[in-house]
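Notes for the one structure printed next.
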Amino acid sequence: MTAPPPAPDPGRSSRARPLLAAVGLQLLLAAGLVTPALLANLDAQEVLLQTQPVDPRDPLRGHYLTLGYAFNTLKTAQTFETGQPVYLPLHPGTDGVWTGDTLQASPPTEGIFLRGRVAYHLQGQTAVNYGIERFYLEETAALDQERLGWDGQAKPLRARVRVGRGGQARVVGLERGGVVIE
1 MTAPPPAPDP GRSSRARPLL AAVGLQLLLA AGLVTPALLA NLDAQEVLLQ TQPVDPRDPL
61 RGHYLTLGYA FNTLKTAQTF ETGQPVYLPL HPGTDGVWTG DTLQASPPTE GIFLRGRVAY
121 HLQGQTAVNY GIERFYLEET AALDQERLGW DGQAKPLRAR VRVGRGGQAR VVGLERGGVV
181 IE
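Residue 1 is where the sequence shown starts when you use full-length UniProt numbering, and the numbers rise one by one after that.
Next comes the structure, spelled out in structure tokens:
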């Protein structure tokens, strides 16, 4: 005859509960941080924006291009406060590149627009950061693109940007003369 299996130790499962709760809480927290970005990207539309590389390095984060857009600084009749959210309606050009030229204090009810924050407003000029001013590349690619930008002979650099319903945007790629830059 075989012996019956030993009864489970009631103290053992009660010791595991706090550990399981801590792990579960961490998983929920991670999912809560990632989910809004994923949901915003589901209905995002991709647009092409004209840009210019500015600076290729960050000692802590590696090589990247700081991207400047014509709409980073705009003449505005309205005064905006530093840190204020603003909205830039975008419209397509004949060459397929999207652009914008008028800031709004409230989000448009239709169409594609970027949401940004005012960096400063001075003498009728408003500088805005949209969160699409950096794109990380391999070291040599970042340096090459920066040099091409200074050259003036290169084809224009364009950023492929995904814009979500609330105006949140993310650079998903760069291209120059129709060639994807990686």
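Glycine is no exception: its CB is placed at the ideal position from the N, C-alpha and C atoms.
Nearest-angstrom beta carbon gap, Ile132 and Val161 [assumed within contact, 8 Å]: 6 Å
Within 6 Å: the Cβ of Val128 and any heavy atom of the ligand NAP? In the structure shown, the ligand NAP is absent, as is every other ligand, since no ligand is present at all.
Gly111 and Pro89 - do their beta-carbons sit closer together than 7 Å? yes
Does the beta-carbon of Thr126 have 16 or more other beta-carbons within 10 angstroms, so that it is buried, or is it exposed? With 16 or more Cβ atoms within 10 Å of its Cβ, Thr126 is classed as buried.
Between Val118 and Gly83, which are expected to be in contact by the criterion C-beta below 8 Å, what is the C-beta distance as a whole number of angstroms? 6 Å
Count the other CB atoms, across all protein chains shown, that sit within 10 Å of the CB of Leu19; report buried if there are 16 or more and exposed otherwise. With fewer than 16 other Cβ atoms inside 10 Å of its own Cβ, Leu19 counts as exposed.
Which class does residue 209 belong to by DSSP, given the choice of helix, strand or coil? Residue numbering for the chain in the displayed model covers 1 to 182; residue 209 lies beyond these limits and cannot be assessed.
Report the option in Pro92, Pro107, Leu25 and Gly116 whose CA atom is closest to the CA atom of Glu46. Proximity to Glu46 across Pro92, Pro107, Leu25 and Gly116 peaks at Pro92, based on C-alpha coordinates.
If you draw a straight line from the C-alpha of Leu65 to the C-alpha of Phe135, how long is it? 5 Å
Close beta carbons around Arg170, own chain, < 6 Å, minus the five adjacent residues each side: Arg162
Confirm, please, whether the CB-CB distance from Thr51 to Ala159 is below 7 Å. yes
Per DSSP, which residues does Phe135 bridge with? Please list them. Leu65
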